[in-house]
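Shown next, in structure tokens, is the structure this report addresses.
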């Protein structure tokens, strides 16, 4: 449990620093948007490239990739199937909601917990790869095609062209693809280049957390009449309750996992919504309150959730 407490303490301190910066207006009124764009266009692509280049892909391509990735996709689909006919939101908001319900905070909280609680950082790598190379491209392509004001009536050929071109022009997707290719071909870039990407990538997590703290300034979480409460509640329940339960069933009865391996799978599934979802929402100006409130609620709620999982399975 000390690892869980340590990981959450780090997050709350950095988010708190961002909140204080926002309250004092130290960085100006547009700080949240500027910082989010920095994370989206520079820091996160550098982090993904460096992480994949320095990762052991034999560890990444394992049953954990199938379990974690498959269950995350299933939970996102469940959100769409429920929220679509029930809440009748536009596609961009549904996309942000699906991410909020299933996109795991695999870096700034996942890595500390993998190291201090699971005693093995490799547990988080498969999910990180899935989110980088599969989940994010699908979601970002959807947002690009539906949230950036594409003109209607351009025909199916233009839509098809945009669907093909959009993923390879997104900086986050490009960073992930480049890192995977470099790792697969076995090329070792010069140390100066790798240190540059490492330096920029190291700023991704704290900058995203600071942006999250800035977004909390002057707002009331789950505020009546402003926050989409039903969307937030649905995403939070799916993330904290349904996703860990689904992973347990799939890992235990589908793959026959037991002991520490099973415990690790369920703990990873119980991690809260990643702050990157808020970065995406800010970038496309859709579903920002949904992403912000779900990230905060699931971060707070994941503490007792992981504690219960530890008591039952550790």
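Residue numbers (UniProt numbering): 1 to 314. Note that the Cβ used here is the ideal one computed from N, Cα and C, for glycine as well. Being a predicted model, the structure only gives us computed values, none of them experimental.
- Message: So if DSSP puts residue 104 in a beta bridge, which residue, or which two residues, is it bridged to?
- Response: 273
Check your understanding: Assuming residue 105 and residue 274 make a contact with CB atoms under 8 Å, what is their CB distance in whole Å?
Key -> 4 Å
Keeping to the same chain, check which residues put their C-beta closer than 6 Å to that of residue 91; ignore five residues upstream and five downstream.
146
**Report entry** CA nearest to the CA of residue 240, picked from 5, 298 and 66
**Finding:** 298
For residue 290 and residue 184, what's the separation of their Cα atoms in angstroms? 37 Å
- Query: Cβ atoms of residue 295 and residue 277: under 8 Å apart, would you say?
  - Reply: yes
Report task. Leaving aside the five residues before and after residue 67 along the sequence, list all residues of the same chain whose C-beta is less than 7 Å from its C-beta, in chain order. Result -> 247, 250, 251, 255 and 265
inquiry  = Looking at the secondary structure, which residues open and close the alpha helix (DSSP H) in which residue 372 lies?
reply    = Outside the displayed range of the chain (1 to 314) lies residue 372, so it cannot be described from this structure.
- Query: Rounded to the nearest angstrom, how far is the Cβ of residue 287 from that of residue 97, given a contact under 8 Å?
  - Reply: 7 Å
* Apply the 10 Å Cβ neighbour rule to residue 243 and answer buried if 16 or more other Cβ atoms are within range, or exposed otherwise. => buried
Is residue 32 near residue 211, with beta carbons less than 8 Å apart? yes
| task | Quick one: using the 10 Å Cβ neighbour count with 16 as the cut-off for buried, is residue 151 buried or exposed? | result | Any reading at residue 151 must be qualified, since the residue scores a pLDDT of 43, below 50, and its modelled position is unreliable; the value itself is stated next. By the neighbour-count rule (16 or more Cβ atoms within 10 Å), residue 151 is not buried but exposed.
Can you tell which of 82, 223 and 310 has its C-alpha closest to the C-alpha of residue 263? 310
Residue 206 and residue 78: beta carbons closer than 8 Å? no
- The alpha helix (DSSP H) spanning residue 217 covers which residue range? First-last for residue 217: undefined, no H or E at that position.
- Which whole-angstrom value describes the C-beta separation of residue 204 and residue 43, a residue pair presumed to lie in contact below a C-beta threshold of 8 Å? 4 Å
| Buried or exposed by the 16-neighbour rule on C-beta atoms within 10 Å, applied to residue 83 | buried
Compute the Euclidean distance between the alpha carbons of residue 55 and residue 226, then round it to the nearest angstrom.
42 Å
Nearest-angstrom Cα distance between residue 134 and residue 95? 14 Å
Quiz prompt | Extent of the continuous alpha helix (DSSP H) to which residue 79 belongs | solution = 63 to 87
Quiz prompt | Inter-residue Cα distance where the pair is residue 6 and residue 188 | solution = 34 Å
* Asked: Taking the alpha carbon of residue 50 as the point to measure from, which residue in 193, 272 and 303 has its own alpha carbon closest?
  -> 193
* **Cα-Cα separation, residue 10 to residue 20** => 16 Å
### Message
Does residue 27 come out as helix, strand or coil in the three-state DSSP assignment?
### Response
coil
Is DSSP giving residue 33 helix, strand or coil here?
helix
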